[in-house]
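Inspection log for the structure reproduced underneath, given as structure tokens.
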Amino acid sequence: MRTQVAIIGAGPAGLLLSQLLHNQGIDSVVLEARSRDYCERRQRAGMLEQSTVDALRAAGAADRLDREGLVHHGIHLRFDGRNRHIDFPGRTGGKSVTVYGQTEIVKDLIAKRLDEGAELYFDTPVTAIEGIDGDTPRIRFTRDGVEEVLECEVVAGCDGFHGVSRPAIPATVLKTYERVYPFAWLGVLADVAPSTDDLIYAYSERGFALHSMRSPTVSRLYLQVDPDADLADWPDERIWAELHERFALPGWRLEEGPIIDRNITPMRSFVAEPMSFGRLFLAGDAAHIVPPTGAKGLNLAIADVRVLADACVEWFGAGSRAGLDAYSDTCLRRVWRAEHFSYWMTTLLHRDPDAPAFDRRFQLAHLRYVADSEAAMTTLAENYVGYAWNE
Ligand code: RFL
Ligand code: PHB
């Protein structure tokens, strides 16, 4: 098998990259380890920056997003018996965000790619990447238990945090930065209309809680839990009781409904530098992880592949490697800004079980400042809607 760009992983990064390349007449093959059904069911992100929506639109993959996406003009910050609504458009030159499940983006892109006859293969785990320091890299993968080889000119490592691409970069070249947090998120999907217009980010003495949504009839709720928490210890009654306590505000009510999905996600910040080596280019979670509090992971993955697609057009069209050579630095500027914002939102809103009382006072003082200062609200707003490094 031969192609121009071998794409490893059919998450949002790999799928959108294959779409953007196809739209520019560049061939790719996407190899995904898991089944199509698994990829389409995995519950994950939901908050899209304007630039992500624009990118999906420009790719021709936003028909359903335009019909079903829920546009939001701000968030609620809730703590200490207060609720501050932070409006975005007025502070960001008119920008908003859109709630539309990552699973829906993945379904839309898979359907469109297969419709267009794409070479997109499921149940085909990549086992090795060879020759990235030469001109013709080779990808080894298995299909129906048989090993096959894909030759290409460029490899896009879009295989998430646990993939095989990042380890293919020599350890002597790769530098990694990491921070692990002393908590995790328990996320549930509940069959009940959201109890709020905009998302609620709540800090309480019992820990963080987030009220998001997926549709006018489905709520998405998150709770800070211990990093070693077990779903078995979290029956529905305990989840709802904890959500009621953490969101409590006089005159406001959280509606309950059947819980239809649940998972626990560890929290980490991670960056690998450089994001490329020879003919291999990492994109999305393969190169960087953010804690989900800033809603940046999916948006960074989309931003990476936009840069990579443009660089591939320069390479395959004009024979210039300039874009590919600049890829890592271009992406990392945006990545580090988002890393800092995600860390900032996380430490602002979570209860660190090991923090001394002094730090808790600091945290409350900081929350009050963010909720009262026009400058601080503008900082939050311009980062939340996406700080535009590349535009
Ligand atoms: P993905 O989605 O992990 O896809 C990688 C794909 O690669 C496949 N793969 C392989 N394929 C072939 N061969 C191999 N050897 C392979 N190894 C792995 C995997 O099966 C998989 O299909 O990475 P991608 O495309 O970079 O996308 C990144 C996003 O998924 C991620 O950043 C976001 O979900 C993070 N995130 C959020 N981001 C936001 O922007 N806004 C949010 O509101 C938001 N909320 C969240 C989140 C992530 C969460 N979890 C569960 C991690 C909320 C949660 C709870
Ligand atoms: C979500 O809707 O899943 C979501 C929204 C905002 C976040 C994280 C997750 O910060």
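The sequence shown begins at 439 in our numbering and counts up by one.
We put the CB at the ideal spot given by N, CA and C, even for glycine.
Going by C-alpha positions, VAL709 is about 27 Å away from TYR641. Scanning its chain for C-beta atoms nearer than 7 Å, with the 5 sequence neighbours on each side dropped, one finds around ALA760 the residues GLU752, in chain order. By the rule of a C-beta closer than 5 Å to any heavy atom of the ligand PHB, the residues picked out are GLY484, MET485, SER650, ARG658, PRO730, ALA733.
By the neighbour-count criterion, in which 16 or more other beta carbons inside 10 Å mark a residue as buried, LEU787 falls on the buried side.
Taking 8 Å as the upper bound for CB-CB distance, TYR825 and ARG775 are in contact here, some 5 Å apart. DSSP places PRO729 in the coil class of the three-state scheme, outside both helix and strand. Per DSSP, reduced to three states, the secondary structure at GLU591 is coil, with no helix or strand assignment.
Judged by DSSP secondary structure, ASP525 falls within the beta strand (DSSP E) whose first and last residues are 520-525. Judged by DSSP in its simplified three-state form, GLY625 adopts strand.
With the rule of 3 Cβ pairs closer than 8 Å, the region 622-638 counts as touching the region 668-686.
For the pair ALA444 and ALA594, the Cα-to-Cα distance works out to about 6 Å. Burial state of ILE698 is exposed, judged by a 10 Å Cβ sphere holding fewer than 16 other Cβ atoms. With a 10 Å radius around the Cβ and a threshold of 16 neighbouring Cβ atoms, LYS613 comes out exposed. Relative to the non-hydrogen atoms of the ligand RFL, the Cβ of CYS750 never comes closer than 7 Å to any of them. The closest CA to that of GLN442, considering only TRP623, SER466, GLY449, GLN457, is found on SER466. In this structure the region 526-538 lies against the region 476-491, because at least three pairs of beta carbons, one per stretch, are closer than 8 Å. Its Cα nearest to that of TRP782, the residue ARG617 stands out among ARG676, LEU770, ARG617. If you check the CB distance, PRO704 and THR784 do not come in under 8 Å. The region 794-811 makes contact with the region 503-523: 3 or more CB pairs, one atom from each, lie closer than 8 Å. ALA749 is the residue among GLU589, ARG440, ALA749 whose C-alpha sits nearest the C-alpha of SER758. The residues GLN662, LEU787, HIS788, in chain order, have a CB closer than 6 Å to that of PHE646 in the same chain once the five nearest residues on each side in sequence are set aside. If you look at TYR765, you'll find it isn't in any beta strand (DSSP E); it sits in the alpha helix (DSSP H) that goes 760-787.
ASP629 and GLU643 have their C-alpha atoms spaced approximately 28 Å apart. Spanning the alpha carbons of ASP582 and CYS596 requires a straight line of approximately 22 Å. Using a C-beta cut-off of 8 Å, the region 538-556 makes contact with the region 454-469, since at least three inter-stretch Cβ pairs fall below that distance. The beta-bridge partner set that DSSP reports for GLN801 is empty. ILE577 places its beta carbon 8 Å or farther from that of VAL592. Of the other Cβ atoms in all chains shown, fewer than 16 fall within 10 Å of the Cβ of LEU669; this residue is therefore exposed.
Non-local C-beta neighbours of CYS477 in its own chain, meaning closer than 8 Å and more than five positions away in sequence, comprise ALA448, GLY449, GLU470, VAL544, ILE548, PHE560, ordered along the chain. At the C-beta level, PHE719 and LEU746 come within 8 Å of one another.
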